[in-house]
Structures are given as structure tokens and as C-alpha cells.
Amino acid sequence: MDERDERLAVVVDKPRAEAVIDELERAGVYDPDRSVREYDEGSVSLPVTAVPEAVDYREVVRQVGEPRLRDLADHLRERGWTDAEIESAPSSWAVLGTVVLVDTGDAPRPEELGEALLALHGAADTVLARGPITGAHREPDVTVLAGEGDTETVHREHGTTYAMDLAEVMFSPGNKAERARMGEEVDEGERVVDMFAGIGYFTLPMARAGAEVTAIERNPASFEFLLENVRRNGVTDRVHPYRADCRDVLEQVDPATDVRADRIVMGYFEASEPRSEDGRSPSDASHEYLDSALGALEPGGVVHMHEATPEGLVPDRPVGRLRDAAAERGRSVDVIETRRVKGYSEGVAHVVVDARVD
Ligand SMILES: C[S@@+](CC[C@H](N)C(=O)[O-])C[C@H]1O[C@@H](n2cnc3c(N)ncnc32)[C@H](O)[C@@H]1O
Numbered sequence: 010m011d012e013r014d015e016r017l018a019v020v021v022d023k024p025r026a027e028a029v030i031d032e033l034e035r036a037g038v039y040d041p042d043r044s045v046r047e048y049d050e051g052s053v054s055l056p057v058t059a060v061p062e063a064v065d066y067r068e069v070v071r072q073v074g075e076p077r078l079r080d081l082a083d084h085l086r087e088r089g090w091t092d093a094e095i096e097s098a099p100s101s102w103a104v105l106g107t108v109v110l111v112d113t114g115d116a117p118r119p120e121e122l123g124e125a126l127l128a129l130h131g132a133a134d135t136v137l138a139r140g141p142i143t144g145a146h147r148e149p150d151v152t153v154l155a156g157e158g159d160t161e162t163v164h165r166e167h168g169t170t171y172a173m174d175l176a177e178v179m180f181s182p183g184n185k186a187e188r189a190r191m192g193e194e195v196d197e198g199e200r201v202v203d204m205f206a207g208i209g210y211f212t213l214p215m216a217r218a219g220a221e222v223t224a225i226e227r228n229p230a231s232f233e234f235l236l237e238n239v240r241r242n243g244v245t246d247r248v249h250p251y252r253a254d255c256r257d258v259l260e261q262v263d264p265a266t267d268v269r270a271d272r273i274v275m276g277y278f279e280a281s282e283p284r285s286e287d288g289r290s291p292s293d294a295s296h297e298y299l300d301s302a303l304g305a306l307e308p309g310g311v312v313h314m315h316e317a318t319p320e321g322l323v324p325d326r327p328v329g330r331l332r333d334a335a336a337e338r339g340r341s342v343d344v345i346e347t348r349r350v351k352g353y354s355e356g357v358a359h360v361v362v363d364a365r366v367d
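Those letters in the sequence shown? Residues 10 to 367, by this note's numbering.
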């Protein structure tokens, strides 16, 4: 009996695949050397090295048949790609529920790349090429490379569930650690304002950790997903959503609706080009909202200000902007840390300044 043909797999409904793979990995029985395979309409078989105890699955089956293709290179080689062409294929991509999101870069035949990724990730039904994210609402430009073209998906990470339509709203795989960190930073009952909440990138992990979050988002599409995700994560009692411009919410003068915060998250920026002749930065970025933010921040509260910063200006420029805005209000800044979240573009880093403002 050929050992490879005797490999076990557990059958689960397709939408649960990503979450169950997480559980199988945690249980140490997931076999990453074999592929997830279509089992029948709506379900897939997940390769395991042993029958899992505490994982809910439909049945145990044997994966038999054609030789196993280990990785993307195997799948591309099977499609006739040369080694040089495989070299130009992307080395990373994101699997977000049933959607694979990839920067195709200089890959010669993006559709074939899409087919290969779909074959590699049996639980996925759509592969999207990621284009630029533009505009004040940070809208993505994506292209369907392979599969059913269903851009809606439900992604789970660190126990948080994110429903989204990747043709309508952005999702930055590179911010995964930062999303998780925000859940670890907050204390139970802390009052947090997320000024640029989107679909709940930071709001959800913070609310799941017990914080009271005022979540503000002005893009209607993102706001709809924010409401859905608040329900999906069971935090409706701790999230106060506003579909508005965050300045309008924070600058309310009516004490009855006055928003006060122990912590403010400013997760917004556009590629910050150098200042033009007239000294104005052509782009709209979170530092332009600092006055509204500081107006709502309690003395001794913490602000997390995100920025896309040319490497040479880290940390002085974002920290300087924070100090300037605080000084205008007669307040002082104690910088806790300036962190690099990820590379943003050539010579530009996505950074976040954590600071206490007295
Ligand atoms: C870049 S996204 C948030 C990204 C998120 N921080 C992450 O980690 O992926 C910024 C969000 O802020 C929203 N936004 C931009 N300006 C806004 C404003 N003045 N008031 C409220 N929301 C705003 C945009 O619609 C967008 O959904």
C-alpha cells in the first residue's frame, strides 16, 4: 500500500475550512504537505496526520489519487511555467476566508497564477489581484484572476471575525500583528475612540478584549460591514458606531453627547508625498485630525497615530506633528514607542506612534 494514498483527511463545510485549519494547526494534526481538496458541493477535505479529538468535523476520509503538489511552484510547473517564470511569481499572498488576495507583480500569466493559487488553497473559491487603494475612503481596486469571482468573504484571525467585500473595502494583511496588538493594549472598560474604524480592523479586537469603543467610519460600505462584524463578534453592547466624519463626532459641543476617551486610535493615512511648494501636504492624513483627537482625549490618555513616513523622517516627523498639535493645546507628550507596522512603498514605512498626552 502506497503510504501517500493512505493519508487521512476530515471533511468540513467550506465556510468553516479556514477556522478548522486554525484549530487543526493548534491541535498539531494539520498536514500542510497535502492540499485541501473539494469533497462535494459545499465541503472540502482537510489533510490531517491523525484523527483530531476536540475538533468538530463531518467525517474522516482517505485522500487518494494524483500526486500531491506541495507548493505554488509545483502548481505552476504543472502548468508549464519555466523556473525563470516561477522566480517572478509572488512569494506571499493572503488567504482571507474563501478569497486569495495576491499582488501579481511581474508574473507573466496572472490568470494561470490565479488558477494555481486556487488549486493550492482548496478552501478558496476566488483569487483576486490586488491593485492600488485610493481615495479618502481607501477603496480597493481588485481584479478577479480565477474562480467564482465572489469577492465577499468572512476571515478569522486571532479569534476575531471580519466579514468584508474585497471589491468594496480594503483589508491589509500586513496589519495583522497590529490588529492583534490593539486587542492586547486595552483594559476592560477602557473608553476608546477608533477615528477611522473601517470594517472594524482595530475596533473588534479591542471590543472583544473588553474596551468600550466609539467606532467612527464615514464610508457607507465599510460602515455596513462594521455593523455586521460587531454583531458577528458579539460586541454590540461595547461598540458605539457612528457613520460620520470623525471630526463632527469628536467636536460635538453638546456635553450630553460629548465623546471622551482614555485611548484614541488614528489608523488612517494616504501615501504622504513630500510637501509641495505651498507647504501643504497634498494628501489627507491622520495628523490633520490631531486637534479633534486631542480635544476628546482625557489628560494622561494614549493616542496611536498611524502615518506613512519616508524612512529618513522616522520617528521625528510623526512625533513632531504630535508634539506640535499637543503644544497648541498647552499639553505635553510622552512618547511610549514608535513602531514600524510594515513597509508601505519604496522608501516609505507605515509607522504608528504610541504616546501618552498629559
Ligand atoms: C485606511 S482605512 C483603515 C485601515 C485600518 N486602520 C487598517 O488597519 O487596515 C481608513 C478608514 O477611514 C475612513 N475615513 C477616512 N477619513 C475619515 C473621516 N474623516 N471620518 C471617518 N472615517 C474616515 C475611510 O473610509 C477608511 O475606511
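From the three backbone atoms N, C-alpha and C, an ideal C-beta is built for every residue, glycine too.
query, result
"Residue 200, DSSP secondary structure in three states", "strand"
"Assigned secondary structure, residue 48 (DSSP; H/G/I helix, E/B strand, else coil)", "strand"
"Beta-carbon gap between residue 135 and residue 159 smaller than 7 Å", "yes"
"6 Å Cβ shell around residue 200 - same chain, five flanking residues per side excluded", "221, 270, 271"
"Residue 296: CB within 6 Å of a non-hydrogen atom of ligand 1", "no"
"Residue 19 and residue 55 closer than 7 Å at C-beta", "yes"
"Whether residue 80 touches residue 99 by CB criterion (7 Å)", "no"
"Segment limits, beta strand (DSSP E) that includes residue 351", "342-354"
"Simplified DSSP state of residue 246, which is helix, strand or coil", "coil"
"Cα-Cα separation, residue 352 to residue 358", "5 Å"
"Residue 147: CB within 6 Å of a non-hydrogen atom of ligand 1", "yes"
"Spatial neighbours of residue 170 in its chain, beta-carbon cut-off 7 Å, leaving aside the 5 residues before and after", "163, 238, 241, 242"
"Rounded distance between the beta-carbons of residue 349 and residue 360, thought under 8 Å", "6 Å"
"Cutoff 8 Å; reference residue 67; Cβ partners in own chain excluding five residues on either side", "19, 20, 21, 22, 52"
"Nearest-angstrom beta carbon gap, residue 244 and residue 7 [assumed within contact, 8 Å]", "Only positions 10 to 367 of the chain appear in this structure, which leaves residue 7 out of reach."
"Residue of 236, 234, 195, 326 minimising C-alpha distance to residue 218", "195"
"Contact set for residue 32: own chain, Cβ-Cβ below 7 Å, skip 5 residues either direction", "64"
"Close-in-space but distant-in-sequence residues of the same chain around residue 324 (CB under 6 Å, 5 per side omitted)", "347"
"beta-carbon residue 353 near ligand 1 non-hydrogen atom, thresh 6 Å", "no"
"Spatial distance of residue 334 from residue 189 (CA atoms)", "28 Å"
"Distance between residue 295 and residue 183 (C-alpha atoms, nearest Å)", "19 Å"
"Separation of residue 227 from residue 49, as counted between CA atoms", "41 Å"
"Straight-line gap, residue 367 to residue 318 (C-alpha atoms, nearest Å)", "25 Å"
"Supposed contact pair residue 362 and residue 311 - C-beta distance, whole angstroms, cut 8 Å", "About 11 Å separates the two Cβ atoms, so there is no contact after all."
"Selection from 95, 307, 204 that minimises the alpha carbon distance to residue 249", "204"
"Option nearest residue 44 by Cα separation, candidates 91, 123, 30, 344", "30"
"CB of residue 274 within 7 Å of CB of residue 232, strictly", "no"
"Nearest-angstrom Cα separation, counted from residue 58 out to residue 368", "Because the chain spans 10 through 367 in this model, residue 368 falls outside it and cannot be assessed."
"Alpha helix (DSSP H) segment containing residue 217, residue limits", "212-217"
"Nearest to residue 206 (by Cα), restricted to the options 229, 224, 46, 93", "224"
"Classification of residue 47 by the beta-carbon crowding that lies within 10 angstroms, buried from 16 upward", "exposed"
"Chain-order list of residues whose beta-carbon lies under 8 Å from that of residue 257 (same chain, five-residue window excluded)", "none"
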